[in-house]
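Residue numbers (my numbering), protein chains in the order written: chain D, 1 to 480; chain H, 1001 to 1073.
Built from N, CA and C at the ideal position, the CB exists for glycine as well.
Only a predicted model underlies this, so the values are computations on that prediction, with no experimental measurement involved.
Input: a single structure, listed below in structure tokens.
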Amino acid sequence: MSVALETRAEIVKLARVLGVPADELTYLERAAPEDLRAVREQATDALFEGDRHRLHKLALVSRIIPSVIAARIARWALGPLLSARVTGLLDPSKAVDLAKRLPSAFLADVAVELDPRRAREVVERMPAKQVAEIAGELTLRDEYVTMGRFVGYLDDDVIRAAMERIDDPSLLRIAFVMEGKDRLDHVLGLIHEQRLATILNAAEHEHLWPEALDLLAHMSAERQGSLAEIAAAQNLLESLAETAYADGLWDLVLPVIPAMSTATRLTLARLPIVENPQALAAILHTAGEHDLWAALLPLVEHLPPGPRDQVAGLGATLDQAVLEHIVDLVNDGGLWSMFVPLAADHMDAVGRERVAQIIAHVDVRVINGMADAVERDGLWPELLRIAADMRTDQLQRIADRLLKVGLEQRLPALIAAVEQTGLWDTGLRMLGELDPALQQRLAPVASTLNPAERSRVAAKAMDLGLLDALGPIATVLAAP
Amino acid sequence: MTPPSDASGLQSELGAEPPHGLLELLTVEELRTLAESLAEAKRRQSQALDEALKDALGHVPFILRGTVELILT
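Structural data, given as structure tokens:
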């Protein structure tokens, strides 16, 4: 829930405590929700403490009169507000017995005024059936804020029974304003998959995606994944994504992507809205603003060519520090097979040069991770295209690092890729531009090639007029 | 921290130091309005309690009324 909405919910609660319309407290709209919550609890305590002595007397009276009479006094003499105040002072079993004799409508009135902190034991002991009836009554009155205050105090069985009496849109609204949202994941675990599907459909039909997305944000990764699968199975991803775009809620959607199955990511990546350049720009902006690149990157490999170009184009304009961070995430997430072709095939020369510049400066761990992935997934041609935009000093750094992580073991695959893709010119030119000292270090690596390979490379270098530039490497290549 | 003097009314009504965030944010007038709202809520509750205690006796069976009256007074 956004801070503004959280503040609004707190104002409604404080207005209840003060007995004034919420509109009279608009001057509190700038306040932080936690401050409003604190002042509400202080105000509730002050109201209780102010009449503590007389409220205690009422509680004492309840001990000597039968419950049926106590219930009559509560309903006709005290009314909901004072009944709520005195509830926490009653013996819990007496309070529960008394509540059995009161109609749900009255108990719903009491619930609106009740501070569950002060009546915790009574609330916990209330029978599931009666709580469900009160929940039904509160639902009819749209008392979501009230119900949201009690969720944290109820047992699973009671919550299950109550949810049976609350319709799908109301469940979303309650979850949106409920206190102690860390319990939401557990509560959602009490709901059967079929009901979750109808709840997500309600999000679409009742325009409650913001509420549903807020709910999603409070779920464990596992449950986020399950909900995303349900949304996909119900064909709701498009409506969800359109709302996320219209309401600026991508920051709630992106974190769910890593928990999605590949099929669901593919569905999301192929939605028409992703082809909308403004929408895609908003997604990328959100990823940058909230540092959600790690969540977004797994989606990129599923994007169609057009959006991929746009991602690559926008990516190329990112700050150097952000791009470096992304390269780190790519390595940590094992996403080189997405990133290397993206940079090689979808970025322009300026973008490739920036990526080349970063790769030239990353640490050995990242270089090694990239080289492993490139070899495994046959991405040497793409990597060579990126390398073709590198300056000599950058190439030297890369070669220096590759030597440290066992270049000789990778050389046959690199040469095979060069042969296969006809990038001899690029590969040999790069070697030729290295300084003699580095060429000297590379010479023993070249000697690990078998004689046939050496002579093929030498012939190509000669054809391209690059043999001399290879210096000591050429000597090794020419050796029998 | 000692609250600014303009917050003393609210502190007195709350019986506790108001959250610092509110003290920093609200104007003197707004703090006073909030304090008055709480004071008014207390007055209303107290009045309601006066009436409720009187009314309650009417619902108590005659045989228990003396004891209940003794407790309530």
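(request) In angstroms with no decimal places, state the Cα-to-Cα distance between Leu1034 (chain H) and Leu1049 (chain H). (result) 23 Å
(request) With a 10 Å radius around its C-beta and 16 neighbouring C-beta atoms as the bar for buried, classify Leu384 (chain D) as buried or exposed. (result) buried
(request) Measure how close the beta-carbons of Arg95 (chain D) and Leu107 (chain D) come, nearest whole angstrom, since I'm counting them as under 8 Å. (result) The question names Arg, but residue 95 (chain D) is Ala in the sequence shown. In fact, because the Cβ distance is near 11 Å, the residues do not count as touching under 8 Å.
(request) For the stretch 1008-1034 of chain H, list the alpha helix (DSSP H) runs that are entirely contained and at least 4 residues long, ordered along the chain. (result) 1008-1014 and 1020-1025
(message) Given this structure, state the Cα-to-Cα distance separating Thr7 (chain D) from Leu36 (chain D), to the nearest angstrom.
(response) 7 Å
(request) Could you list which residues in chain H have their beta carbon closer than 7 Å to that of Gln357 (chain D), in chain order? (result) Within 7 Å Cβ-Cβ: nothing; Gln357 (chain D) doesn't reach chain H, min ~45 Å.
(request) Closer than 6 Å by C-beta to Glu24 (chain D): which residues in its own chain qualify, once you throw out the five before and the five after it? Chain order, please. (result) none
(message) Am I right that Leu28 (chain D) and Ala59 (chain D) are in contact with their C-beta atoms under 8 Å? What's the rounded C-beta distance?
(response) The Cβ separation is near 33 Å, so there is no contact.
(message) Against Gly1066 (chain H), what residues of chain D qualify as contacts under a CB-to-CB distance less than 7 Å, listed in chain order?
(response) Chain D residues near Gly1066 (chain H): none, gap ~11 Å exceeds 7 Å.
(request) Give a yes or no on whether 7 Å exceeds the smallest Cβ distance from Gly88 (chain D) to chain H. (result) no
(message) Suppose the cutoff is 8 Å on Cβ atoms and the five residues either side in sequence are ignored; what does the same chain contact list for Arg85 (chain D) look like?
(response) Leu47, Phe48, Asp51, Leu55 and Glu113
(request) Would you grab the beta carbon distance between Ala135 (chain D) and Ala162 (chain D) for me? Rounded to a whole angstrom, and I think it's under 8 Å. (result) 4 Å
(request) Could you name the residues of the same chain whose beta carbon sits closer than 6 Å to that of Pro360 (chain D), not counting the 5 residues immediately before and after it, in chain order? (result) Checking the displayed sequence, the identity of residue 360 (chain D) turns out to be Ala instead of Pro. These residues qualify, in order along the chain: Gln394, Arg397 and Ile398.
(message) I want to know whether the stretch 62-78 of chain D touches the stretch 1047-1067 of chain H - three or more CB-CB distances under 8 Å.
(response) yes
(request) Could you name the residues of the same chain whose beta carbon sits closer than 8 Å to that of Val327 (chain D), not counting the 5 residues immediately before and after it, in chain order? (result) Phe339, Val355, Ile358, Ile359, Val362 and Val366
(request) Let me know the secondary structure DSSP gives Leu240 (chain D) once reduced to three states. (result) helix
(message) To be precise: take each residue of the stretch 1036-1067 of chain H, compare its Cβ to all Cβ atoms of chain D, and keep it if any distance is under 9 Å. Which residues remain?
(response) Ser1037, Leu1038, Glu1040, Ala1041, Lys1042, Arg1044, Gln1045, Ser1046, Ala1048, Leu1049, Asp1050, Glu1051, Ala1052, Leu1053, Lys1054, Asp1055, Ala1056, Leu1057, Gly1058, His1059, Val1060, Pro1061, Leu1064 and Thr1067
(request) Check whether the Cβ of Glu1030 (chain H) lies closer than 7 Å to any Cβ atom in chain D. (result) yes
(request) Verify the CB distance criterion: does Lys57 (chain D) have a CB-CB separation below 7 Å to chain H? (result) yes
(message) Could you compute how far the alpha carbon of Leu268 (chain D) sits from the alpha carbon of Thr44 (chain D)?
(response) 47 Å
(message) Determine, for Arg30 (chain D), whether the minimum Cβ-Cβ distance to residues of chain H falls below 7 Å.
(response) yes
(request) Determine whether the Cβ of Leu114 (chain D) lies closer than 7 Å to any Cβ atom of chain H. (result) no
(request) Report the option in D:Arg16, D:Leu18, D:Ala241 and D:Glu375 whose CA atom is closest to the CA atom of Val253 (chain D). (result) D:Ala241
(request) Classify Phe1062 (chain H) as buried or exposed, calling it buried when 16 or more other Cβ atoms lie within 10 Å of its own Cβ. (result) exposed
(request) Tell whether a beta-carbon distance below 7 Å holds between Met178 (chain D) and Val151 (chain D). (result) yes
(request) For Leu200 (chain D), count neighbouring C-beta atoms within 10 Å of its own C-beta (all shown protein chains included) and say buried if the count is 16 or more, exposed if not. (result) buried
(request) At 7 Å on the CB atoms, spell out the chain D contacts of Ala1016 (chain H), in chain order. (result) Gln42
(request) Kindly indicate which three-state DSSP category Leu280 (chain D) falls into: helix, strand or coil? (result) helix
(request) Please state whether DSSP places Asp1050 (chain H) in a helix, a strand or coil. (result) helix
(request) Determine, using beta carbons only, whether Gly1021 (chain H) comes closer than 7 Å to chain D. (result) yes
(request) Return the chain-ordered list of same chain residues with a C-beta closer than 8 Å to the C-beta of Pro272 (chain D), the five sequence neighbours on each side being excluded. (result) Glu238
(request) Quick one: list the residues of chain H neighbouring Val39 (chain D), beta-carbon separation under 8 Å, in chain order. (result) Leu1014, Pro1018, Pro1019, Leu1022 and Leu1034
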